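Numbering-wise, full-length UniProt numbering puts 147 at position 147 of the sequence shown, and it's gapless, one number per residue. Each residue gets a CB set at the ideal place from its N, CA and C atoms; glycine is no exception. In this text, all values refer to a predicted model and were calculated from it rather than measured experimentally.
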Amino acid sequence: MKLGLFAVNVGAGARPAQARATAVLAEELGLESLWAIDHVVMPSGYETEYPYDESGKMMGGAEEVDIADPLTWLAFAAAVTRDIKLGTGVIVLPQRNPVVLAKQAATLDVLSEGRLLLGVGVGWLAEEFDAVGVPFADRGRRHDDYVAAMRALWRDTKASVHNTYTQFDNAISLPQPAARAVPVVIGGRSNRSARRAAGIGDGYFPSISAPEQLIPLLDIMNAEAERLQRDPAGIEVTVPYPGSTAELIAAAAGDTVALDRVVTQLRQFAGLGVARTLLAGLGEDTLRPLLKQLADHIDLG
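What follows is the structure in structure tokens.
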């Protein structure tokens, strides 16, 4: 099981000292990846229900929270690290210009020597779409067209794309990524997101609150991949750890009950084929002892 850090660009993590310390520490401790979240704006008093928490609100309802731009944050992290993977978890793709984003992603991939994992999703916050001037209703179709456009720019020296939401001819966008492609990780927890991951994803990033919620999504993804004659094993699955920060802190401190819960969930994920689990909200005083505790029970390779 590979472990990474999630939401590294939020709160104090948006500030240079903490950003540098987090990136350097994660690599020093042997963590596999850093993942930055994305919200261009957080509309005050938003009414759209947040689908990943029972409260219906993101970050417990807090609105005035620093969320640094994910690609800029990861570029900063790339400059102070050598090997750790750099992921977006996830960029709200329909809100971005795909031609510009393709250039940004390719540049970051080149400067980091092939370390970028581009997590993308359709988004959930209608008021944020209003703020950036993008229709909310057609975000799924727009998302898929944008993925196709970016891949064409990464792959072809002179790229041409004609789909519903993107049209260009003989567009040259250099530098291209290190491997003339960037892994695209599809975010979401809906049945549609699972099918989308099977159809166009190099990876899948479902935000779930328990391992059992993952099973039906993986069943859908695997069945769709097989229908499309893709090997489901080639779609790398990443999940944020669904337990609380308090539980992780207790496990790090040697609480055997908490540690058993953490180990059990990680083993369940591994048994379901999850490649990577992400931990959020942890500092050095928790991460060091937690990783030492976990290494005694599971393979963190």
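Open item on the list: Could you compute how far the alpha carbon of Pro183 sits from the alpha carbon of Lys103?
Closed with: Those two C-alpha atoms are separated by around 15 angstroms.
Open item on the list: If I measure Cβ to Cβ from Ala181 and keep anything under 6 angstroms in the same chain, skipping five residues before and after, which residues do I get?
Closed with: If we look at Ala181 and ignore the five residues flanking it on each side, its Cβ neighbours are Trp154.
Open item on the list: Are the CB atoms of Ser112 and Arg276 within a distance shorter than 9 angstroms?
Closed with: It is not a contact, given that the beta carbons lie outside the stated cut-off.
Open item on the list: For Lys103, report the span of its alpha helix (DSSP H) as first-last.
Closed with: Where Lys103 is concerned, the enclosing alpha helix (DSSP H) stretches over Pro98 to Leu111.
TODO: Spatial neighbours of Arg196 within its chain, please: CB distance less than 6 angstroms, with the 5 preceding and 5 following residues excluded, ordered by chain position.
DONE: Excluding sequence neighbours, Arg196 sits near Ile186.
Task: Distance between Gly56 and Tyr50 (C-alpha atoms, nearest Å) - done: Roughly 4 angstroms separates the two Cα atoms.
- [ ] Find out if the Cβ-Cβ distance for the pair Ala78, Ala14 is shorter than 9 angstroms.
- [x] Inclusion of Ala78 and Ala14 in the CB contact set at 9 angstroms is not warranted, their separation being larger than that value.
Open item on the list: Assess contact between the region 92-106 and the region 14-24, defined as three or more Cβ pairs (one per stretch) separated by less than 8 angstroms. Is contact present?
Closed with: Below 8 angstroms, too few C-beta pairs join the region 92-106 and the region 14-24 to call them touching: fewer than three.
TODO: Please classify Ala280: does DSSP put it in a helix, a strand, or coil?
DONE: Secondary structure of Ala280 (DSSP, three-state): strand.
TODO: Decide if the region 217-224 is in contact with the region 238-257; the criterion is three or more beta carbon pairs, one per stretch, under 8 angstroms apart.
DONE: At 8 angstroms Cβ cutoff, the stretches do not touch.
Open item on the list: Considering only DSSP beta bridges, list what His162 is partnered with.
Closed with: Paired residues: Gln167.
TODO: Pick helix, strand or coil for Tyr204, following the three-state DSSP scheme.
DONE: Judged by DSSP in its simplified three-state form, Tyr204 adopts strand.
Task: Close-in-space but distant-in-sequence residues of the same chain around Gly201 (CB under 8 angstroms, 5 per side omitted) - done: So the list reads Val184, Val185, Ile186 and Ile235, once near-sequence residues are dropped.
Task: Run of the beta strand (DSSP E) containing Gly187, from where it starts to where it stops - done: From DSSP, the beta strand (DSSP E) with Gly187 extends over Val184 to Gly187.
Task: Coil, strand or helix - Gly263 by DSSP - done: Sequence inspection shows Val at residue 263; the Gly mentioned does not correspond to that position. The answer is helix: DSSP assigns Val263 an H, G or I state.
- [ ] Give the secondary structure of Ser193 by DSSP, where H, G and I count as helix, E and B as strand, and everything else as coil.
- [x] Secondary structure at Ser193: helix, using DSSP grouped into helix, strand and coil.
TODO: Check whether the Cβ atoms of Leu108 and Ala75 lie closer than 9 angstroms to each other.
DONE: With respect to the 9 angstroms criterion, Leu108 and Ala75 are classified as neighbours on the basis of their beta carbons.
Open item on the list: Give me, in chain order, the residues of the same chain whose beta-carbon lies closer than 7 angstroms to that of Phe205; leave out the 5 immediate sequence neighbours on both sides.
Closed with: The answer, listed in chain order, is Gly89, Val90, Gly119, Val185, Ile186, Gly187 and Thr238.
Task: Segment contact flag, the region 203-218 with the region 162-176, C-beta cutoff 8 angstroms, min 3 pairs - done: In short, these stretches do not touch, since the Cβ pair count stays below three.
Task: Three-way DSSP call (helix, strand, coil) for Val120 in this model - done: Secondary structure at Val120: strand, using DSSP grouped into helix, strand and coil.
Task: Check whether Ala178 and Gly114 have beta carbons under 9 angstroms apart - done: With contacts defined as CB atoms closer than 9 angstroms, Ala178 and Gly114 qualify as a contacting pair.
Task: Residue interval of the alpha helix (DSSP H) (run including Glu127) - done: Segment Ala126 to Val132, the alpha helix (DSSP H) holding Glu127.
TODO: Label Asp296 either buried or exposed according to how many other C-beta atoms from any shown protein chain fall within 10 Å of its C-beta, with 16 as the threshold for buried.
DONE: Flag for Asp296 reads exposed.
Open item on the list: Taking only three categories from DSSP, how would you classify Gly87?
Closed with: Gly87: strand per DSSP, three-state reduction.
Open item on the list: Taking the beta carbon of Thr81 as the centre, do at least 16 other beta carbons fall within 10 Å, making it buried, or is it exposed?
Closed with: Note on Thr81: 16 or more other CB atoms within 10 angstroms of its CB, so buried under the neighbour-count rule.
Open item on the list: Helix, strand or coil for Thr72? Go by DSSP, reduced to three states.
Closed with: Helix, per DSSP.
TODO: Pull up the distance between the alpha-carbon of Thr166 and that of Phe136, whole angstroms please.
DONE: For Thr166 and Phe136, the distance between alpha carbons rounds to 17 angstroms.
Task: Pro240 - partner residues in DSSP beta bridges - done: Beta-bridge pairing links Pro240 to Leu278.
Task: For Phe269, three-class secondary structure by DSSP - done: Taken through DSSP and simplified to helix, strand or coil, Phe269 comes out as helix.
Open item on the list: Quick check: the Cα distance between Ala36 and Asp260, rounded to an integer number of angstroms?
Closed with: Rounded to the nearest angstrom, the two C-alpha atoms are 28 angstroms apart.
TODO: For Ala36, write down the residues that DSSP places opposite it in a beta bridge.
DONE: Its beta-bridge partners are Thr88.
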